[in-house]
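Q: If you scroll down you'll find the structure; I have some questions about it.
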Amino acid sequence: MMTPGDQAVFTKTDCAMNGLRQSVSHIGVFAALDDDELMDIIRTCSMVHYPPGKIVCDAGDPPGALFLIDKGMVRLLHVLPDGSTEVVSTLETGDAIGALSFLEGKPRSCRAVAVSPCTLYRVDREQFNTLRANLRPSAFKFIRVLSSMLTARLRDINERMRVLQEDPEGSIAYLRRRAARLRRQEAR
Amino acid sequence: MMSAPVTHFLETLPLCEGMTRAELAAFAELLEPQRFPARTKIIREGDPGTVFYFLREGSVGVFRGTGVDGPRRVATLSPPEAIGHLCLLDGQPREATCVSDETILLLVGTKRRFDACFDRGDTFAFKLIENIAKDLCRRVRRVSEAFYQFYAQPQVSIRHLERLAREVAKRKEREIASARYVRVRPERQRQRPGVNAALAR
C-alpha cells in the first residue's frame, strides 16, 4: 500500500518499456524479468528517499515492504539483546533489504540504516501478495531471484562461521576487544 | 507414468505444501526413482548443482570440509528429506558432500527439466519455489541467530573458542607430523626397490 509522501514509479500511461528497462537495468532482480513481468512488479513499487543515518526498517518491526537500492548505501545491523549491534553487511545499488520478512511474513530480523543519501524502490507486500495469490509468473520469478540472493547470504554466514571457528585465537582477541569496548561505553 | 505412492510420498514433504493432487502428480512425472548402494557419493562439495533428490528410504550423511582429519559429518538425513534442492534457485556449486550410509532409494529430478516446467508456468513449480524460499528464510534466520550468539555472550564464546584453539593446535601438530611422513616416504621407497615393484604391480 502506498503511503503519503511516496512517489509512484510508473503508471500504465507513461510506461515506455525501453526507458523503463534502462532505468532499472542496474537492479539485478528486475533484470531477470521479461517486459510483462517487469510491469507487474513495477506497479507494486514506489520510490522512497532516506537521508544518511535514517533507519529504513528496524529489527522486530512487523513484516512489510521489500526495499531495492536504486542509489546509495545501506548498512545492515544485527541487534544483540544488550542493544549493541554487529554489522551484517553493507548493501549497495541492486541489493535487497528486508527479503526474509517480505517472503516469510515474519518480523524484521535486522536493522537497516542509510549510510549515504539513498533512493530505494519500495515493493508493497500486500500488492505483491495479490500477484502471488493469482499465480502470476512475475511473482514467482521475483521470489526465485530474491531467494538466490538469500542463498548468497546463507553462504556468507556459513563462511564467517567457518572463519570464526578456524581462527579461534583471532576470534577470541576480537571478542575481548568488543567486550572492553562495551564496558567503556557502559562506564560513560 | 509414476505410481500413486510417489504422490503420497510427495504429499508428506513440507516443500510440497499447498500443492493440489493434480500438481503433485505433475511433479511426480518429473522424478525418477533410483536405488544406490551404501557409501555412494550422491553429491560432491564444489560440483555444479544440476540435480535434486528426495530421500525415500535409507539414511545419508552430510560432510563438509577437507584437511588432515578429512571431511567432517555435519548431519545425517533420513526420509522424507530433500537433498540438493537449493540448486533450483541458483545452480551454485554444492556446499557439502552427501554419502549414503546404507542402500537408499531416491527420487531424482534434474534442474533442466524443472526449469522448463517453471518457464512454462506449471503451478507446481511455482509452489515448490515458494516453499523452498520459505525454508531458506528459516535456515538463514537459524544460522544468523547461531552466528550472532557468539557476540551476544562473549564470555561463553571465549571459553568455547579457547577449547577450539586447543583442538586446532593439536590438529596442526598432526598435520606437521603427516607432512614429515610424506617427505620421508620416498626416501624409504628408494631404499626398498623390491617393495616399490610390488606396489607398482
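As you go down the protein sequences, you meet chains A and B in turn. Counting with my numbering, you get residues 1 to 188 for the letters of the first sequence. Counting with my numbering, you get residues 189 to 389 for the letters of the second sequence. Glycine residues also receive a C-beta, built at the ideal position from the N, C-alpha and C atoms. In this text the structure is predicted, and so the values were computed from the model without any measurement.
Between A:V29 and the rest of its own chain, which residues show a CB-CB distance below 7 Å, the 5 nearest in sequence each way excluded?
A: Here the set comprises L68, A96, F142, V145, L146.
Q: Excluding the 5 residues flanking A:M1 on each side, which residues of the same chain have their C-beta closer than 8 Å to its C-beta?
A: A caution first: A:M1 carries a pLDDT of 48, below 50, which makes its placement in the model unreliable, though a value can still be read off. Taken in chain order, the residues that qualify are D124, E126, Q127.
Q: Nearest to A:S138 by alpha carbon, out of A:I41, A:P52, A:V24, A:A179?
A: Of the listed residues, the one whose Cα sits closest to A:S138 is A:I41.
Q: Taking Cβ positions only, does A:I172 come closer than 7 Å to chain B?
A: Chain B, which has a Cβ nearer than 7 Å to the Cβ of A:I172, makes this yes.
Q: With distance defined between alpha-carbon atoms, name the residue in A:Y50, A:L20, A:S23, A:S25 nearest to A:L120.
A: Closest option to A:L120, Cα to Cα, is A:Y50.
Q: Kindly list the residues whose CB is nearer than 7 Å to the CB of A:V87, restricted to its own chain and excluding five residues on each side of it in sequence; keep chain order.
A: Result list for A:V87: R75, L77, in chain order.
Q: Figure out for me which residue from B:Q222, B:V287, B:T238, B:R282 has the closest Cα to the Cα of B:V248.
A: Checked all of B:Q222, B:V287, B:T238, B:R282; the closest Cα to B:V248 is B:V287.
Q: Can you give me the Cβ contacts of A:V115 inside the same chain, cut-off strictly under 8 Å, excluding the 5 residues immediately before and after it?
A: Closer than 8 Å at Cβ, skipping near neighbours: P52, G72, M73, V74, R75, T90.
Q: What residues from chain A crowd round B:G246, counting only those whose CB sits closer than 9 Å?
A: Simply none; closest approach about 26 Å.
Q: Exposed or buried, B:K315, counting other C-beta atoms within 10 Å across all chains shown (16 or more means buried)?
A: So B:K315 ends up on the buried side.
Q: I need the straight-line Cα distance from A:R111 to A:T85, nearest angstrom please.
A: If you take the alpha carbons of A:R111 and A:T85, they lie about 9 Å apart.
Q: Is B:L219 near B:L276, with beta carbons less than 7 Å apart?
A: Not a contact, by the Cβ cut-off of 7 Å.
Q: Kindly provide the ranges of any alpha helix (DSSP H) runs that are 4 or more residues long and lie completely inside the stretch 201 to 269 of chain B, ordered along the chain.
A: Taking only runs of at least 4 residues, the alpha helix (DSSP H) segments lying wholly in the stretch 201 to 269 of chain B are 209 to 216.
Q: Give me the chain B residues within the contact set of A:T151, using Cβ-Cβ distance strictly less than 7 Å, ordered along the chain.
A: L274, L277, D278, Q280, L324, listed in chain order.
Q: May I ask whether a heavy atom of the ligand FAD can be found less than 6 Å away from the beta carbon of A:L80?
A: Absence of the ligand FAD from the depicted structure is noted, as is the absence of any ligand whatsoever, leaving it without description.
Q: Can you pull the DSSP bridge partners for A:A152?
A: In DSSP, A:A152 forms no bridge with anything.
Q: So the candidates are B:G246, B:E363, B:E361, B:E333; which of them puts its Cα closest to the Cα of B:T228?
A: B:T228 has its Cα closest to that of B:G246, out of B:G246, B:E363, B:E361, B:E333.
Q: Just to check my reading of the structure: B:T285 and B:F251 have Cβ atoms closer than 8 Å, yes? What is that Cβ distance to the nearest angstrom?
A: The Cβ separation is near 5 Å, so the contact holds.
Q: Rounded to the nearest angstrom, how far is the Cβ of A:A32 from that of A:S25, given a contact under 8 Å?
A: No, A:A32 and A:S25 are not in contact; Cβ-Cβ is about 12 Å, not under 8 Å.
Q: Identify each residue in the stretch 61 to 75 of chain A for which the Cβ-Cβ distance to at least one residue of chain B is less than 8 Å, and report them in chain order.
A: If the cut-off is 8 Å between Cβ atoms, the stretch 61 to 75 of chain A has nothing near chain B.
Q: Please say whether B:L212 and A:S171 have beta carbons closer to each other than 7 Å?
A: No. Outside cutoff.
Q: Put B:A307 into one of helix, strand or coil per three-state DSSP.
A: One point to set straight first is that residue 307 of chain B is Asp, not Ala, in the sequence displayed. Of the three classes helix, strand and coil, the one that applies to B:D307 here is helix, per DSSP.
Q: Please return the same chain residues whose Cβ sits closer than 8 Å to the Cβ of B:Q268, not counting the five positions on each side in sequence.
A: As written in the sequence, residue 268 of chain B is Pro, which differs from the Gln given in the question. Only F197, T200, L201, F242, L243, R244 meet the Cβ criterion.
Q: Decide if A:I157 is buried, meaning its Cβ has at least 16 other Cβ atoms within 10 Å, or exposed.
A: Under this definition A:I157 is a buried residue.
Q: Ordered along the chain, which non-local residues of its own chain (more than five positions away) have a Cβ less than 8 Å from that of B:Y339?
A: Counting only Cβ-Cβ distances below 8 Å, and skipping sequence neighbours, we find S345.
Q: If you drop the 5 nearest sequence neighbours on each side, which residues of the same chain put their C-beta closer than 7 Å to that of B:P236?
A: G279, P281.
Q: Where A:R155 and A:L135 are concerned, what is the direct C-alpha to C-alpha distance, given to the nearest angstrom?
A: Roughly 30 Å separates the two Cα atoms.
Q: Which word fits B:K360, buried or exposed, when buried means at least 16 other C-beta atoms lie within 10 angstroms of its C-beta?
A: Flag for B:K360 reads exposed.
Q: What alpha helix (DSSP H) runs, 4 residues minimum, are completely inside the stretch 60 to 129 of chain A?
A: Fully enclosed alpha helix (DSSP H) runs of 4 or longer: 99 to 104.
Q: Whose Cβ in chain B lies nearer than 7 Å to the Cβ of A:Q165?
A: Those are L352, listed as they occur along chain B.
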